[in-house]
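*Asks:*
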Amino acid sequence: MRDRMIFAAQLLFTMLVAAFLVVPAGLSMTAGITVNYFRGIQSGLTLQWVVQVWELYASTILLSFVIAFGTLAVTLLAGVPAAYALYIRGGRLSRGVEEIITLPVAIPGLALALGLLLTYGGFGDFRRSWLFILVGHVIFTMPFMVRSVMAVFANVDVKTLDEGAASLGASPWRRFRDVIVPNASPGILAGSLMVVTLSLGEFNLTWMLHTPLTKTLPIGLADSYASMRLEVASAYTLIFFIMIIPLLVAMQWFGGRGGVR
Amino acid sequence: MKTGLEHGVSLRVEGCAKTYADGTRALEPTTLDVASGETLVLLGPSGCGKTTLLRIIAGLETPDSGGRVLFDGKDLTSSPIERRNVGMVFQSYALFPNMTVAENIAYGLKIRGVAKPERAARVAELVQLTNISGLEDRRIDQLSGGQRQRVALARAVAIRPSVLLLDEPLTALDAALRERLRSELNRLLRTLGITAIYVTHDQAEAMELGDKVVVMRKGAIAQVGSPRDIYFKPADRFVAEFIGAANIIEAPIEDGRLMLAGGRQPVNGSEDLTTAVAMVRPETIRIVRSDGAALNGVVESVRFSGDRQRIVVRDVSDKPLVVDTANTIEVAVGERIGLAIAPEAIRFLPPDRR
Numbered sequence: 012m013r014d015r016m017i018f019a020a021q022l023l024f025t026m027l028v029a030a031f032l033v034v035p036a037g038l039s040m041t042a043g044i045t046v047n048y049f050r051g052i053q054s055g056l057t058l059q060w061v062v063q064v065w066e067l068y069a070s071t072i073l074l075s076f077v078i079a080f081g082t083l084a085v086t087l088l089a090g091v092p093a094a095y096a097l098y099i100r101g102g103r104l105s106r107g108v109e110e111i112i113t114l115p116v117a118i119p120g121l122a123l124a125l126g127l128l129l130t131y132g133g134f135g136d137f138r139r140s141w142l143f144i145l146v147g148h149v150i151f152t153m154p155f156m157v158r159s160v161m162a163v164f165a166n167v168d169v170k171t172l173d174e175g176a177a178s179l180g181a182s183p184w185r186r187f188r189d190v191i192v193p194n195a196s197p198g199i200l201a202g203s204l205m206v207v208t209l210s211l212g213e214f215n216l217t218w219m220l221h222t223p224l225t226k227t228l229p230i231g232l233a234d235s236y237a238s239m240r241l242e243v244a245s246a247y248t249l250i251f252f253i254m255i256i257p258l259l260v261a262m263q264w265f266g267g268r269g270g271v272r
Numbered sequence: 031m032k033t034g035l036e037h038g039v040s041l042r043v044e045g046c047a048k049t050y051a052d053g054t055r056a057l058e059p060t061t062l063d064v065a066s067g068e069t070l071v072l073l074g075p076s077g078c079g080k081t082t083l084l085r086i087i088a089g090l091e092t093p094d095s096g097g098r099v100l101f102d103g104k105d106l107t108s109s110p111i112e113r114r115n116v117g118m119v120f121q122s123y124a125l126f127p128n129m130t131v132a133e134n135i136a137y138g139l140k141i142r143g144v145a146k147p148e149r150a151a152r153v154a155e156l157v158q159l160t161n162i163s164g165l166e167d168r169r170i171d172q173l174s175g176g177q178r179q180r181v182a183l184a185r186a187v188a189i190r191p192s193v194l195l196l197d198e199p200l201t202a203l204d205a206a207l208r209e210r211l212r213s214e215l216n217r218l219l220r221t222l223g224i225t226a227i228y229v230t231h232d233q234a235e236a237m238e239l240g241d242k243v244v245v246m247r248k249g250a251i252a253q254v255g256s257p258r259d260i261y262f263k264p265a266d267r268f269v270a271e272f273i274g275a276a277n278i279i280e281a282p283i284e285d286g287r288l289m290l291a292g293g294r295q296p297v298n299g300s301e302d303l304t305t306a307v308a309m310v311r312p313e314t315i316r317i318v319r320s321d322g323a324a325l326n327g328v329v330e331s332v333r334f335s336g337d338r339q340r341i342v343v344r345d346v347s348d349k350p351l352v353v354d355t356a357n358t359i360e361v362a363v364g365e366r367i368g369l370a371i372a373p374e375a376i377r378f379l380p381p382d383r384r
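In structure tokens:
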């Protein structure tokens, strides 16, 4: 009897906490498809706000995806070989480099952006193009790619596999292509999902780096919160959720599978 | 048996030492020669430098400057492993989980640009040789430990390496399997006639597989010799105790006799000494009737293990003496027995340099 009471109390508490977090998100999303938020759901449901968001902000959504996949491409091309080199080489120097790569996680995005602006702000064309934001996103997401790939390297004992392939005559590049990448694929996949998700949702740094012509989705979202009616901003949130949730689910799923292997 | 597989270079390691960045000396300057087709075993306790030496030969470690590695007289010291044409079997096998058994075995050939039909033929030949026919399309994680070991061996041999390097290849297996694979490995090494370096800490493995055994200790070579040499004529106390069981007796010699608490044991041609260090293998000591025996002692314990028995006898020398004897002899704990040791079974060792 007492156990059941305790269980019920715990369950209630858990539900309350969950509700505390979930209800605002749910409210925000329903607001996006309500005719008039202040009159509530009985005012009727509509997709007009979603359509309006699409008309106003489609370009920011598109740009977000371009930047996210651009960031992914760069982190893959630079991050995976870097992780390989750092892991195989080991030693103090490698650890130092790893620390430096990881630093952007700890530094506030604003400070990072400020650094970029101070250094490269003078290059007008570069400053004005979306590539400037891409650079920021690469710096910010690189540690996540490198770290998750290195974690898998440790897990599958890549060092010995590398030595095994080398003993059979494979050059470093062949080893990387034939043995390292295929066996690190769970980590590469996890890192990729993380990079795309982080890049899509990144606000701090992007807010400092963007120009009126290079707005990403979260910047557009802030913009709509500030200047549009609440329903539009909420519809925007809804779109963002619809895009980001499949990525999060995929990340969880692959993460779970990676753990089992 | 002629298989057309014979290959192998002679190998020379010259003054190779290894000091790590943190100053640890893993290997003292070492010089070693291996004849073509010979199986050399590097034997020693963990941390003795045997794996470091193997990795230097492989090209996975570079020796400190001054050290050289020569294959058939050619200096390969600065060549990385991928340009040395060595076959290597790792303790953890290092099989590629993303490839099938056949793909693993064929990988080295693929790298060398061998055409597909020829690769397939070679794989077929090797699965036969290593008794893994039928497993070609399996994934690595579907194999047992013993099967993995065979695949690793087949893969290393497939490329017709100049030298086959084996780093404790049987350590990860259970005892029964280890024994079976050991004799299989022995047959294979003889069949291939390949130059092989085999690292192990297991002296039984070393004895059975090695044409020549190198006993190592603290980064240096303690003794090089045939298995019989290192067993019967150990260079020092460390080798004597590391290889099999040994009774080490410290006692003075007077008039050609070892003066022991349990009697006087005649020895061959040794001058008088205040402390001689003598080694006697347990199986060379015979149990005889107590009266009239040169040595007498009291049975401290009897360990009967079926095929033989090990008897510990006290009051003979400074330490209890271990005697391995036929399983038919019956002695009781506390019984007074006589011991007979042939003078030629006693080997004197240099005093310790501790």
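Line by line, the protein sequences give chains Z and D. Residue numbering for the first sequence follows the working numbering, beginning at 12 and increasing consecutively. Residue numbering for the second sequence follows the working numbering, beginning at 31 and increasing consecutively. All residues carry an ideal CB built from backbone N, CA and C; glycine is no exception.
#1: State the DSSP-derived secondary structure class of aspartate 241 of chain D, mapped to helix, strand or coil.
#2: In chain order, which beta strand (DSSP E) runs of at least 3 residues are fully inside the stretch 261-290 of chain D?
#3: Using the beta-carbon count (16 or more within 10 Å), is isoleucine 359 of chain D buried or exposed?
#4: In chain Z, what lies closer than 7 Å to isoleucine 189 of chain D by C-beta?
#5: Work out the CA separation of glycine 164 of chain D and serine 40 of chain D for me, nearest whole Å.
#6: Just by C-beta distance, which residues in the stretch 185-196 of chain Z are closer than 7 Å to chain D?
#7: Can you check DSSP and say which residues form a bridge with arginine 42 of chain D?
#8: Give the range of the beta strand (DSSP E) segment to which alanine 317 of chain D is assigned.
#9: Quick test of your reading: valine 307 of chain D and phenylalanine 378 of chain D, contact by CB under 8 Å. State the CB separation rounded to the nearest angstrom.
#10: Check each candidate in Z:Leu211, Z:Ala237, Z:Ala181 and Z:Leu224 and name the one with the smallest Cα separation from isoleucine 255 of chain Z.
#11: For tyrosine 68 of chain Z, I'd like the list of residues in its chain whose CB is within less than 6 Å of its CB, leaving aside the five on either flank, ordered along the chain.
#12: Counting C-beta neighbours from all protein chains within 10 Å, is the total for tyrosine 50 of chain D 16 or more, i.e. buried, or is it exposed?
#13: Would you tell me roughly how many angstroms separate the C-alpha atoms of asparagine 115 of chain D and serine 178 of chain Z, rounded to the nearest one?
#14: I'd like the ranges of any beta strand (DSSP E) spanning at least 3 consecutive residues and lying wholly in the stretch 74-147 of chain D.
#15: Please list the segments of the alpha helix (DSSP H) lying wholly inside the stretch 349-379 of chain D, counting only runs of 4 or more residues, in order along the chain.
#16: Less than 8 Å between CB atoms is the rule here; does leucine 200 of chain Z satisfy it with respect to chain D?
#17: What's the gap between the Cα of leucine 259 of chain Z and the Cα of threonine 130 of chain Z?
#18: Which first and last residues belong to the beta strand (DSSP E) in which aspartate 197 of chain D is found?
#19: So the beta strand (DSSP E) proline 296 of chain D belongs to, where does it begin and stop?
#20: Within 8 Å (strictly less), CB to CB, does glycine 102 of chain Z reach chain D?
#21: Mapping the DSSP letters down to three states, classify threonine 54 of chain D as helix, strand or coil.
#22: Once the 5 residues before and after isoleucine 376 of chain D are set aside, which same chain residues still bring their CB inside 7 Å of it?
#23: Over the uninterrupted alpha helix (DSSP H) stretch that includes tyrosine 95 of chain Z, give me the two end residues.
#24: Quick check on this structure: which residue in D:Ile315, D:Leu125, D:Ala236 and D:Ala205 has the alpha carbon closest to the alpha carbon of glycine 409 of chain D?
#25: Would you please state the rounded distance, in angstroms, between the beta carbons of isoleucine 162 of chain D and glutamine 177 of chain D? I believe it to be under 8 Å.
#26: Would you say serine 122 of chain D reaches chain Z, if we count a Cβ-Cβ gap shorter than 8 Å as a contact?
#27: List the residues of chain D whose Cβ lies closer than 8 Å to the Cβ of threonine 86 of chain Z, in chain order.
#28: Can you tell which of D:Thr92, D:Thr69, D:Asn357 and D:Thr160 has its C-alpha closest to the C-alpha of isoleucine 111 of chain D?
#29: So glutamine 179 of chain D packs on leucine 203 of chain D, CB below 8 Å; how close in whole Å?
#30: Under 8 Å, Cβ to Cβ, is there at least one residue of chain Z near arginine 152 of chain D?
#31: Say whether chain D places a C-beta atom closer than 8 Å to the C-beta of valine 77 of chain Z.
#32: Output, in chain order, the set of chain Z residues within a Cβ distance shorter than 7 Å of glycine 138 of chain D.
#33: Arginine 142 of chain D touches chain Z at which residues, Cβ-Cβ below 8 Å?
#34: Run the CB neighbour count on glutamate 68 of chain D, radius 10 Å, all protein chains shown included, and call it buried at 16 or more, exposed below.
#35: Taking isoleucine 251 of chain D as part of the beta strand (DSSP E), name the residues at either end of that continuous run.
#36: Express the C-alpha separation of valine 169 of chain Z and proline 6 of chain Z in angstroms, rounding to a whole number.
*Replies:* Taking the coordinates as given:
#1: Coil.
#2: 277-284 and 287-290
#3: exposed
#4: Leu179 and Gly180
#5: Approximately 35 Å, taken between the alpha carbons.
#6: Arg185, Val190, Pro193 and Asn194
#7: The secondary-structure analysis by DSSP pairs arginine 42 of chain D across a beta bridge with D:Asp63 and D:Leu100.
#8: This sequence places isoleucine at residue 317 of chain D; alanine is not what is there. Taken as a continuous stretch (DSSP letters only), the beta strand (DSSP E) holding isoleucine 317 of chain D covers 315-318.
#9: 7 Å
#10: Z:Leu211
#11: Gly231
#12: exposed
#13: 7 Å
#14: Segments of the beta strand (DSSP E) lying fully in the stretch 74-147 of chain D: 98-101 and 116-119.
#15: none
#16: no
#17: 34 Å
#18: 193-197
#19: 293-296
#20: yes
#21: coil
#22: Val297, Ala308 and Val310
#23: 91-100
#24: The structure shown does not extend to residue 409 of chain D, since chain D is modelled only from 31 to 384, so the question has no answer here.
#25: The Cβ separation is near 6 Å, so the contact holds.
#26: yes
#27: Under a criterion of Cβ atoms nearer than 8 Å, no residue of chain D is adjacent to threonine 86 of chain Z; the nearest Cβ is some 22 Å distant.
#28: Looking at the Cα atoms, D:Thr92 is the closest of the given residues.
#29: 7 Å
#30: False, the Cβ-Cβ gap to chain Z never drops below 8 Å.
#31: no
#32: Leu179 and Gly180
#33: Gly180
#34: Sixteen is the threshold: when 16 or more other Cβ atoms of the shown chains lie within 10 Å of the Cβ of glutamate 68 of chain D, as they do, the residue is buried.
#35: 250-255
#36: The first residue shown for chain Z is 12 and the last is 272, placing residue 6 of chain Z beyond what the model contains.
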